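I have placed the structure first, in the form of structure tokens, so that the comments after it can refer back to it.
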Amino acid sequence: MRIECPHCGERDRREFYYVGDAVALARPAPDAGPDAWDDYLHNRDNPAGDTNDLWYHEGGCGAWIVVSRNTVTHAVHRTKLAQKAAS
Amino acid sequence: MARLIALGAFGDLLPLQVGDVTCTEVVRETLFSVAPYRGQQKAVSAGLKTQLGLTLPAVGRRRAAGDVICQWIGHDAWIVSAPVTLDGLAAVTDQSDGYATLEITGASVEAVLARLVPLDLRSATFKVNHTARSLLGHLPVSITRTGPQAFEVMVMRSMAASLVHDLQEAMTGVAARGSA
Amino acid sequence: MRLRNPGQTVTFTFDGKPVQGVPGEPVAAALLANGIRLMGRSFKYHRPRGVMTAGSEEPNALVTVGRGAAQDPNIRATVLEVSDGLEVFSQNAWPSLRHDALAVNDLLSPFLGAGFYYKTFMWPASFWEKLYEPVIRRAAGLGRLSGQASADCYEKAFAFCDLLVIGAGPAGLMAALTAGRAGVDVILADEDSAMGGRLLREVEDVDGRPAAAWVADVLAQLRALPNVRLMPRTTVTGAYDQGTYGALERVAAAGAPVECFWRIVAKRSVLCAGALERPIAFPDNDRPGIMLAGAVRAYVNRWGVAPGRSVTVFGNNDDAHRTARDLAAAGIKIAGLIDARPDVQVTADYPVFTGGSVTATAGRRGLSSITVAHQGGTRVIQTDCLAISGGWNPSVHLTCHMNGRPRWRDDIAAFVPTPDAIPGMAVAGACNGVFETAGCLREGAEVAAAIARDLGFTAEVTLPVAEARAYAIAPLWEIPGKGRKWVDFQNDVTTKDIALSAQENMRSVEHMKRYTTQGMAPDQGKSSNVLALAVLADLTGRGIPETGTTTFRPPFVPVGIAAMGAGGQGKGFAPTRLMTSHHATVAARAPMIEAGLWYRPSYFPLEGEVSWRQSCDREVGYARNAVGVCDVSTLGKIDVQGPDAAALLDFVYTNRMSTLKMGRVRYGLMLREDGFVMDDGTAARLGPDHFVITTTTAAAGQVMRHMEFASQVLRPDLDARVLSVTDHWAQFAVAGPRAQVLLNTVLDDQISNEDWPFMACGTVGIGGVTGRLFRISFSGETAFEIAVPARYGESLFRQLVAQARTLGGGPYGMEALNVLRIEKGLLTHAELHGRTTAFDLGLAGMVSAQKDCIGQAAASRPGLVDPARERLVGLRAVEEGRRLTAGAHLFAKDAKAVTANDQGYVTSACYSPTLDCYLGLAFLKNGPDRHGEVIRMVDHLRGVDTLAEVCHPVFFDPEGGRARG
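Protein sequence lines, in the order shown, are assigned to chains P, S and D. In case it helps, our numbering puts the first sequence at residues 206 to 292. In case it helps, our numbering puts the second sequence at residues 159 to 338. In case it helps, our numbering puts the third sequence at residues 20 to 984.
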């Protein structure tokens with residue numbers, strides 16, 4: 206598998222650290238309540254199809270990246286810096 | 159009163175030659191990382207121009223002015239080989255002893271690195287002064303092409319011996335094949 | 020028998036007997052040349068077997084190479100190249116290949132069909148692991164491992180190209196040539212030792228020359244192109260995502276790595292993998308001497324070896340006739356050609372039986388005769404080699420590696436690839452169902468030209484003249500009648516097993532495969548899959564397309580773990596990080612232990628000390644009574660700078676760092692977002708917008724990732740930069756009542772308690788070198804950590820140690836460090852193990868409610884602040900001389916030591932020389948409320964059962980006066 210790092214270009218999967226769903230970009234407010242925090246911490250979809258997830262280019266430039274890909278075809282559609290996606 | 163003696167990062171592990179490939183230590187007295195604050199990249203570049211005579215190179219590139227180099231080193235960060243003052247513009251951090259750097263040269267150098275680095279280092283795609291952050295075996299490295307048959311590899315200083323070990327294995331394997 | 024003078028030969032051995040061979044030819048060819056047909060025994064029935072194919076698909080002729088540590092089992096004799104002194108052994112036979120005791124299995128075969136073991140060895144259940152399985156495993160099988168560590172060296176490597184051409188037969192050569200001439204960066208990989216594919220194995224002309232001469236020309240042209248890389252002996256084993264391919268190279272050079280496993284990244288690829296011939300199922304079709312017809316041609320045409328003196332050919336397609344013609348032309352006697360098709364017109368000067376089939380074979384250790392039923396009756400023919408051609412199966416395997424399914428073509432009675440089954444991969448030649456040379460050459464060239472144009476190159480197609488022989492086939496799978504008809508030769512599966520499977524309702528091809536084990540041997544059923552499913556289709560009354568194929572998965576040929584994991588042995592397993600004091604420490608004979616990737620000293624033994632405890636106790640005494648020196652460079656150090664540096668730290672630490680004064684250090688706790696503790700450390704403020712924080716050794720990487728996550732993902736609004744400076748600084752702890760005295764021997768400017776109070780930090784000069792000094796303590800003593808740029812690390816360490824010795828102290832290692840911190844109830848990752856909260860650790864007060872931080876919301880969940888949780892306590896051994904052990908579990912004093920009564924566990928334990936007693940840190944239910952209670956500690960692993968008193972976790976100097984002193 207190869208992932209396009211917005212800084213470094215297409216790189217081998219081994220350079221990346223996988224985290225999971227890009228839900229991290231939508232961190233609840235501290236007082237959002239137990240349900241919101243429970244969702245944020247624990248509840249994840251497991252789509253057969255398109256998904257957005259977070260990868261860290263740990264063996265590369267150190268950027269956190271949002272990767273849009275398809276779990277069925279394994280196609281990687283888009284990648285962008287999490288910093289830009291979040292702000 | 160102490161008298162401190164400075165020691166090299168590689169000890170007596172370098173120089174190392176196997177087959178047609180040679181590794182030698184690259185010594186730079188000073189190295190500073192430069193991470194511009196938000197919106198300050200241009201100002202940092204201008205500051206470098208004034209102080210060192212070079213501007214920030216693009217992502218994945220190195221630039222040199224005389225002996226001084228400025229090299230992209232990762233997400234929003236560069237490294238320069240001379241002291242700079244960029245108060246309020248960038249995080250400047252002394253990394254003079256943070257890295258061990260070697261140059262690896264020779265006809266089979268691409269074949270050796272191909273055994274360790276998951277990067278497309280073909281000369282048409284990775285040209286002189288192109289630089290990349292990647293892995294060499296398990297080691298996080300910064301790798302730069304310095305010539306048609308020459309690369310510079312920077313690794314965390316504590317991993318210097320591992321770097322030499324991994325390179326030596328690859329060099330031995332390539333040399334045993336008898337050709338590049 | 021050799022058909023021509025072999026020229027230079029070398030000697031290798033087969034089962035200890037010398038055999039002459041031509042360097043580079045396959046071992047199977049050399050054995051056949053020497054009249055050796057019996058090459059091994061089959062997997063289950065120990066049937067005598069000979070070579071069947073001439074390629075990597077070989078199911079029968081598996082051999083072991085070398086002996087002792089160099090022993091390598093299950094090597095295909097069709098791939099293994101002859102070299103001088105090579106030692107080859109047959110497998111799965113005892114006492115010898117000719118007289119194999121377990122051939123008795125063959126007589127028992129009526130009882131040993133598919134599912135036999137499952138049905139028979141059911142009771143008693145416990146016998147399966149102890150008796151049945153070991154016995155069955157010993158009887159069945161392939162080659163054996165030596166049990167010794169192999170000294171062989173393996174490699175792995177990466178390669179990149181625009182176009183990967185897989186296979187160098189007519190299609191692959193034309194693809195590489197066409198794309199190469201256009202300027203495309205090409206890799207041409209082929210698993211054979213010589214490129215050319217079937218062109219090296221057939222008698223035909225290309226461009227007016229013998230095919231082999233044309234191949235040589237093309238290869239010369241390819242070698243002259245700088246943008247083309249030839250990789251012979253390289254099998255592409257798998258197609259993976261985003262244009263990544265695995266490939267296994269057998270390296271031929273002596274002294275070089277044995278194999279190299281390549282990861283090839285290609286923008287595009289062309290699969291030119293050719294086709295594999297398939298057998299026909301007739302009774303006793305597995306005798307040595309019965310081979311696939313294309314293989315027989317290969318041995319004759321390419322290696323000049325006659326597989327028999329009197330050859331018969333049996334087929335259902337035109338290729339059978341080609342075999343007979345080639346052999347006759349080579350001067351080999353054709354005892355008969357049997358074509359299953361009744362309506363074929365042939366004129367030949369050897370007997371031809373149309374509408375015929377082979378109904379029986381004879382010959383105990385090799386074929387001696389066959390029985391032929393034909394339109395005119397039956398006949399027994401004396402023959403020592405039968406060439407079978409059941410038709411050709413395109414090698415579609417790689418196109419199925421990403422879930423693609425091949426489609427059936429009736430006209431060639433074979434599966435062909437579904438287009439675009441692998442993104443970026445095109446298919447050309449025989450693997451696409453084109454079975455004539457001219458068509459293969461054309462398709463290879465045209466596909467490559469189209470790819471080249473797509474990649475922006477200008478490509479021209481120039482085609483050589485070649486044969487365009489039609490290929491006609493009438494499907495033929497199983498010959499009716501009694502007798503065992505082998506389908507999967509490597510796993511000893513017959514048509515009867517498939518019938519049994521269908522009868523027992525394992526009618527899906529995937530069920531049949533698993534029930535019979537057809538296609539599950541190392542050859543992955545390359546010769547048998549299509550035949551097996553055709554037999555199943557006939558039995559179930561479904562067509563072949565409906566029956567479908569099983570899933571082809573990587574790797575295409577077996578790949579040794581040694582090749583895939585190359586470089587990962589010994590020091591290649593993980594990087595080694597060495598402290599600047601490493602050499603001085605090793606010179607002091609300190610045993611080194613791993614701490615993450617680092618190597619740290621366990622203790623520094625002195626002359627006369629016989630146990631680690633003696634050294635450890637002495638080193639603890641250095642810190643408690645004089646001064647000890649310890650390299651703490653391994654702790655992670657992270658530089659945090661920027662206008663929002665303090666705000667970022669407030670967000671990642673539970674406590675406030677923004678209120679920290681310049682020149683001061685504060686202890687900090689980091690949580691994961693789920694509320695559990697991730698790490699602890701210190702933050703030192705060096706300037707208004709400049710901090711340096713420390714992490715534990717083990718969590719340095721994780722904390723760095725976490726900090727980047729916090730700054731890039733969670734709080735991109737904060738303008739702060741995070742950078743590891745761990746390697747720049749060599750840092751040493753100097754601990755003990757005489758720490759300040761020691762430091763003043765090396766510092767340029769003397770320090771005093773007033774200038775450097777507890778938790779102060781700042782810049783100091785050491786012999787003119789600028790360093791940093793932190794007054795922090797992990798021992799409870801007056802202690803400092805002094806940091807200098809790494810190049811001066813060894814020098815400073817030596818001077819600190821030398822000075823410490825003059826003050827009655829010295830260096831201390833991890834053991835003493837551990838004792839010192841346990842005595843003080845200080846935490847490491849033994850306690851911060853990922854399941855403990857600030858509340859559990861008694862540090863709930865450190866979680867500020869006045870600000871948001873990572874983990875704060877989740878840490879307040881009721882379940883995480885339940886007083887009944889297992890919480891940190893100290894334990895003091897009660898029984899004289901009985902130790903406490905980490906990992907032991909805690910129970911009420913009189914309770915039975917069973918899981919239901921478990922009250923907690925010990926995380927750290929030591930003998931405290933300071934307090935002369937065993938101490939432990941533990942997590943105990945309601946712990947802080949139970950100080951003074953005596954509980955039972957049981958370590959089932961080490962067999963320790965003792966009593967301990969629960970107490971406050973700070974055992975020594977609870978007021979902390981010594982550190983402030």
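Just so you know, even glycine gets a beta-carbon here, dropped at the ideal spot from N, CA and C. Here the structure is a predicted model, which is why all the values come from computation and not from measurement.
Is the shortest distance between the beta-carbon of residue i and the beta-carbons of chain D less than 9 angstroms?
i	result
M329 (chain S)	no
H233 (chain S)	yes
R249 (chain P)	no
H279 (chain P)	yes
L174 (chain S)	no
L274 (chain S)	yes
D178 (chain S)	no
K289 (chain P)	yes
G205 (chain S)	no
Using a Cβ-Cβ cut-off of 8 angstroms (strictly less than) and excluding sequence neighbours within five positions of residue i, which residues of its own chain qualify?
i	result
C180 (chain D)	D204, V205, I206, R248, I283, V284, A285, K286
P45 (chain D)	A73, A96, T97, V98, L99, E100, V101, W322
Y136 (chain D)	Y151, I155
S743 (chain D)	G655, K656, I657, D658, A719, M723
R220 (chain D)	A73, G313, R316, A317, N320, R321
So, under 8 angstroms CB-CB, residue i and residue j are touching, yes? Tell me the CB distance rounded to an integer number of Å.
i	j	result
R186 (chain S)	V270 (chain D)	At roughly 38 angstroms, the Cβ-Cβ gap does not stay under 8 angstroms, so R186 (chain S) and V270 (chain D) are not in contact.
L845 (chain D)	F797 (chain D)	6 angstroms
A317 (chain D)	S414 (chain D)	16 angstroms between Cβ atoms; not a contact.
A343 (chain D)	A367 (chain D)	7 angstroms
Leaving aside the five residues before and after residue i along the sequence, list all residues of the same chain whose C-beta is less than 7 angstroms from its C-beta, in chain order.
i	result
L386 (chain D)	R306, P307, G308, I309, T380, T402, D403, C404, L405
A223 (chain S)	L210, G211, L212
V286 (chain S)	R303, T304, G305
At a Cβ threshold of 9 angstroms, is residue i touching chain S?
i	result
I785 (chain D)	yes
H725 (chain D)	no
V765 (chain D)	yes
D473 (chain D)	no
E220 (chain P)	yes
C780 (chain D)	no
According to DSSP, what are the bridge partners of residue i?
i	result
M726 (chain D)	Looking at the DSSP assignment, M726 (chain D) forms no beta bridge with any residue, so it has no partner.
C291 (chain D)	In DSSP, C291 (chain D) forms no bridge with anything.
P45 (chain D)	D:E100
T331 (chain D)	D:G355, D:L405
Step through the CB atoms of chain P and report whether any lies within less than 9 angstroms of the CB of residue i.
i	result
A249 (chain S)	no
R217 (chain S)	Residue 217 (chain S) is actually Val in this sequence, not Arg. By this cut-off, V217 (chain S) is an interface position.
F146 (chain D)	no
V667 (chain D)	Checking the sequence shown, residue 667 (chain D) turns out to be Leu, not Val. Not closer than 9 angstroms to any Cβ of chain P, the Cβ of L667 (chain D) fails to qualify, so no.
E442 (chain D)	According to the sequence shown, residue 442 (chain D) is Pro rather than Glu. Yes, P442 (chain D) counts as interfacial toward chain P.
D224 (chain D)	no
R339 (chain S)	Residue numbering for chain S in the displayed model covers 159 to 338; residue 339 (chain S) lies beyond these limits and cannot be assessed.
V284 (chain D)	yes
Tell me which same chain residues have a C-beta within less than 6 angstroms of the C-beta of residue i, skipping the five on either side of it?
i	result
G861 (chain D)	L891
A581 (chain D)	Y173
*asked:* Short of 8 angstroms Cβ to Cβ, which residues in the stretch 257-268 of chain D face chain P?
replied: Shown in chain order are the members of the stretch 257-268 of chain D whose Cβ falls below 8 angstroms from a Cβ of chain P: Y259, D260, Q261, G262, T263.
*Going along the stretch 862-877 of chain D in order, which residues come within less than 8 angstroms of chain P, judged by CB to CB distance?*
Residues passing the 8 angstroms Cβ filter: D871, Q875, A876, A877.
*Relative to chain D, which residues along the stretch 263-277 of chain P have a C-beta separation below 8 angstroms, given in chain order?*
Legend: CB atoms of the stretch 263-277 of chain P lying less than 8 angstroms from CB atoms of chain D belong to residues E263, G267, A268, W269.
*Selection of the stretch 166-186 of chain D by Cβ proximity to chain S, strictly under 8 angstroms*: Hits within the stretch, in order: C172, E174, K175, A176, F177, A178, F179.
*Give the residues from the stretch 293-310 of chain S that approach chain P closer than 8 angstroms (Cβ to any Cβ), ordered along the chain.*
Going along the stretch 293-310 of chain S in chain order, one finds L293, P298 with a Cβ nearer than 8 angstroms to chain P.
*Along the stretch 338-365 of chain D, what residues have a CB closer than 9 angstroms to any CB found in chain P?*
Residues of the stretch 338-365 of chain D whose Cβ lies closer than 9 angstroms to any Cβ of chain P: none.
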